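What follows is one structure encoded as structure tokens, with my remarks underneath.
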Amino acid sequence: MHASTKRTCLAGLIAVILLVLAGFVFQHWQTWILFTATKAIGYGLVALGIITLMRGGLVSFGQGLVYCTGAYASGLMATRLGVTDAPVLLVVGMLASALLALIVSPLIARYRGIFFAMLTVALSMVLYGVLVKMNAIGGSDGFTLPEPTFLGWQPSVDYADLALYLLAAVVAVVASTATRLYYDSMAGLVALAVRENELRVEYLGSSVFKVTVRHFTIAGALGGLGGTLNGMALGHIDPLFSFWTTSGEFVFIAVLAGYISVSAVFLSAMILELVRSFSNLYFPETWQLILGGFLIVVIVFLPGGIGSFWERVKEGRAARAQAEQEEGAGS
Amino acid sequence: MVNTTLKSLMAGAAMAALGLAAAGSAAAQDDTYKIGVVTFLSGQAAESFGVPAWDGGKLLIEKLNAGEVPAPYDTVGFGGMKIEAIPIDEAGGATKQVQEFRNLVQRENVDAVIGYVSSGDCLAISPVADELEALTILYDCGTPRVFEDGSYEYVFRTAAHATMDNVSIARYLKARDMKVGTFAGLNQDYAWGHDSWRDFTASMAQLYPEAEVTAELFPAFGAGQYGTEISALMREGPDVVHSSNWGGDLQSFLLQALPRGLFQRSQVVLSAGDHSIPPLGKNMPEGVVLGARGSYGLLSPDTPLNDWWFKTYQDEYDVIPVQAPYRMVQALLGLKSAIEKAMEANGGNRPTKDEIAAALKGHEWESPAGMIQMKLGDGHQAIQPTAIGTTAKDENGDTILVDIERFAAECVNPPPGQKSVDWINAGFQGAKCE
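Okay, here's the thing in structure tokens:
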């Protein structure tokens, strides 16, 4: 195994252990964090998909499409077929969304920039419009989901939040480790070249189209995971999952995180949830203003997102080390 | 990568700690009763429902804490406990609301949550409320599905569901002896609009079996432009045009239909239209049959409690109270009387949520809009009397309601154990009308 691969997997392992420990701590102290963290992970997974697209120079303003597809596919599976096993539902949601993304992507992969973004919005709003009219599955009111089980085990009410959080934590780490490995692979690095200069990538014999299709499908799978996870956490899904404001939140998280770091996505999702929740509590009439102000502050002071903050610290340290070395050499 | 992961976790922990510090300790004190109040403070439903409801709630809580509400509600707060309310904005969809609900219960340790205008939010919150065993009062939302498709231990709805609105409109037409050969509907294209139209057509099929539907229009929610729909209605010229639109959608429809002469050609009936009277003012068309989803506002009964409430609200905000503040008051008074009933039963101690839930189940209390009875959904869903009226202008040109017909609760609400649609289709079996 490559050294960097090993490092990434090790980091993932450490992250799982820490997140699981944190889960048990929060179970006995401030239980509400478990649910907020689970929801943040669900959002973070979708935003991770947007970041994958961002590495290829594209932003999707319509990830609600895959988020909602995942939630509805797994939700219908649970209500209509009685499958309540959470890991199974996650796989179902992920595959359904990935499949939809795979079908849709050739249509939109030829477009760039704002055209790509607007097409994704259009598609997500089409899904929203269809679901609102489908009264058989609840129309605009959506439908309620049964409690999830975990490999045949039904946790008691006191442990339901914890069980779902633990599953979410494992999914988040597996997904982010896998995407990190992909980003660092040859195929993943080509995406960065696409971001820099598409024409040159084509001349060098790579296909921008294929990169986009691949990324959109990966983003679809991640979106499906996030949608299923949040559906199970909330216990209710409705067409608003596909509404443009929902998609906007994913972009918000992605912009806040930046495209450099994978773990920053989950951190920024958590920050967003906390800022929103507390501003809603303390400023019920102006919470949107606080949220908007917060985003502006991040854009002004950390244009590369939270992820770039660590890079900056790292660079600063490297620069200092180099300066010290030069000084040492000079004396 | 190891570094970044670790750092992100550390930063996450720091962030969480910050959040906790901000949350502070919310230990429930013995002499306060803490409620979360969730209603639209921004977005489409804020102007028509959310903000007036919270205005009403705020005012009533202030008066209750001062002990200034007339009997039988003249004790301070809830059975002597001061009421502390935390308002939360309902905007942002069910996902956000489930999270805010959990935060209210698990983090802010509220004793009860009163809220929710949107039916989608009510459907999403109810199972969570039961899971967390949190006493929850749905004060406004209309869908009958909450207790017809589910059953909950800790969830109560202190207002009648939307079936009453459309049954009473149809009954009003019959009671006023109007001739209806043809009728049409213009409703928003989402669950509320479809459910309202379904209940109205079913009621009409019972009361006017000969009447024909000539147009079923479902413009998008928030459409704002109704030129095409009004043209279609003008062309068909039905005797009655039904609409369950609310808020901005209703105002736009009324303002756009007025110059086209729709109100001269057809009898327009609005199942939830009273809240458009204050914003439209003198522009409100005359001769429109409308309801308020209960005997609220200009349709409210002449009782001492209502006189006090109407005047108090009007003095404070310089506008008449419409349906939403009435429904908020109804919820608060219901909770108050249930708490006091539970205190009486346990010897004057602070009641537990289980004792309050037991007291609220099947409870009856007087509200400014008349007697509220928790008769449906195994004692968790209220029925109430309602009234329908017709708009007219007084000598100053202000809108008033005339030809008001009152309907007893059991005349326009289904009996326990029966689904609304089945009850209407079976010919309103067991309805008790005076």
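In order, the protein sequence lines correspond to chains A and B. If you read the first sequence in the working numbering, its first letter stands for residue 1202, the second for the next number, and so on. If you read the second sequence in the working numbering, its first letter stands for residue 152, the second for the next number, and so on. A virtual CB, placed ideally from N, CA and C, is assigned to each residue, including glycine. As the structure is a computational prediction, the values presented were derived from the model and not from experiment.
Kindly give me the distance between the Cβ atoms of residue i and residue j, rounded to whole angstroms, as I take these residues to be in contact under 8 Å.
i          : j          : result
Val1374(A) : Ala1216(A) : 5 Å
Val1372(A) : Leu1300(A) : Contact doesn't hold; Cβ gap of about 19 Å is too wide.
Comparing C-alpha positions only, which one of the options sits nearest to residue i?
i          : options                                        : result
Tyr477(B)  : Asn497(B), Ser451(B), Asp466(B), Ala493(B)     : Ser451(B)
Ile212(B)  : Leu192(B), Val188(B), Ala510(B)                : Val188(B)
Phe1495(A) : Gly1508(A), Ile1454(A), Phe1510(A)             : Ile1454(A)
Gly424(B)  : Lys504(B), Ile490(B), Glu241(B), Gly438(B)     : Gly438(B)
Arg444(B)  : Lys325(B), Val268(B), Gln415(B), Lys462(B)     : Val268(B)
Glu517(B)  : Asp545(B), Lys185(B), Arg296(B), Ala482(B)     : Ala482(B)
Asp340(B)  : Asp453(B), Ser394(B), Leu384(B), Thr287(B)     : Ser394(B)
Leu1435(A) : Thr246(B), Ser488(B), Ala509(B)                : Thr246(B)
Gln415(B)  : His312(B), Ile381(B), Ile428(B), Pro360(B)     : Ile381(B)
Ala285(B)  : Ile239(B), Tyr305(B), Glu299(B)                : Tyr305(B)
Gly1598(A) : Arg1415(A), Val1371(A), Ala1370(A), Val1372(A) : The requested residue 1598(A) is not part of the displayed model; chain A covers only 1202 to 1532.
Asp1359(A) : Arg1513(A), Arg1518(A), Ala1458(A), Trp1233(A) : Trp1233(A)
Ala342(B)  : Ala313(B), Ala508(B), Cys584(B), Gly521(B)     : Ala313(B)
Ile1252(A) : Ala1420(A), Ser1386(A), His1437(A), Thr1447(A) : Ala1420(A)
Glu1512(A) : Val1412(A), Tyr1460(A), Phe1317(A)             : Tyr1460(A)
Gly231(B)  : Leu210(B), Ala222(B), Gly218(B)                : Gly218(B)
Against chain A, with Cβ distances strictly below 8 Å, would residue i count as a contact?
i         : result
Glu198(B) : no
Val279(B) : yes
Tyr305(B) : no
Leu192(B) : yes
Val331(B) : no
Val153(B) : Any reading at Val153(B) must be qualified, since the residue scores a pLDDT of 42, below 50, and its modelled position is unreliable; no value is offered.
Glu420(B) : The identity of residue 420(B) in the sequence shown is Val, whereas the question assumes Glu. No - not a single Cβ of chain A is within 8 Å of the one on Val420(B).
His609(B) : Chain B is shown from 152 up to 585; residue 609(B) falls before or after that span and cannot be answered.
Gly244(B) : yes
Asn576(B) : no
Gly163(B) : Because Gly163(B) sits at a pLDDT of 47, beneath the cut-off of 50, its placement in the model cannot be relied upon, and the point is left open.
Thr226(B) : no
Gln532(B) : no
Asn216(B) : no
Ile186(B) : no
Pro360(B) : no
Asn500(B) : no
Glu367(B) : no
Ala342(B) : yes
Asn254(B) : yes
Gln376(B) : no
Ile212(B) : no
Would you mind sorting residue i into buried or exposed? The rule is 16 or more other CB atoms within 10 Å of its CB.
i          : result
Val1395(A) : buried
Ala1204(A) : exposed
Gln1523(A) : exposed
Ser1377(A) : buried
Gly1250(A) : buried
Tyr1230(A) : Residue identity differs from the one stated: residue 1230(A) is Trp in this sequence, not Tyr. Label assigned to Trp1230(A): exposed.
Lys185(B)  : buried
Cys1269(A) : buried
Met553(B)  : The displayed chain sequence assigns Val, not Met, to residue 553(B). That one is exposed.
Ser302(B)  : exposed
Val1331(A) : exposed
Val1498(A) : exposed
Arg386(B)  : exposed
Thr106(B)  : The structure shown has nothing for residue 106(B), since chain B only spans 152 to 585.
Could you check whether the Cβ of residue i sits closer than 8 Å to any Cβ belonging to chain B?
i          : result
Thr1206(A) : no
Leu1482(A) : yes
Pro1356(A) : no
Leu1441(A) : yes
Gln1228(A) : no
Asn1431(A) : yes
Gly1436(A) : yes
Trp1445(A) : no
Ser1448(A) : no
Val1409(A) : no
Ser1275(A) : no
Ser1478(A) : yes
Please indicate yes or no: does the CB of residue i lie closer than 7 Å to some heavy atom of the ligand PLP?
i         : result
Ala321(B) : Although the ligand PLP was asked about, the structure shown includes no ligands whatsoever.
Selection of the region 1329–1350 of chain A by Cβ proximity to chain B, strictly under 9 Å: Gly1330, Val1333, Lys1334, Asn1336, Gly1339, Gly1340, Ser1341, Asp1342, Gly1343, Phe1344, Thr1345, Leu1346, Glu1348
message: Output needed in chain order: residues of the region 1485–1502 of chain A with a Cβ under 8 Å from some Cβ in chain B.
response: Pro1485, Glu1486, Trp1488, Gln1489
- prompt: Using Cβ-Cβ distances below 7 Å, what residues of the region 1226–1251 of chain A are close to chain B?
  reply: Gln1231, Thr1232, Trp1233, Ile1234, Phe1236, Thr1237, Lys1240
query: Which of the residues in the region 264–295 of chain B, read from start to end, lie with their CB under 7 Å from any CB of chain A?
result: Ser270, Gly271, Leu274, Ala275, Pro278, Val279, Glu282, Thr294
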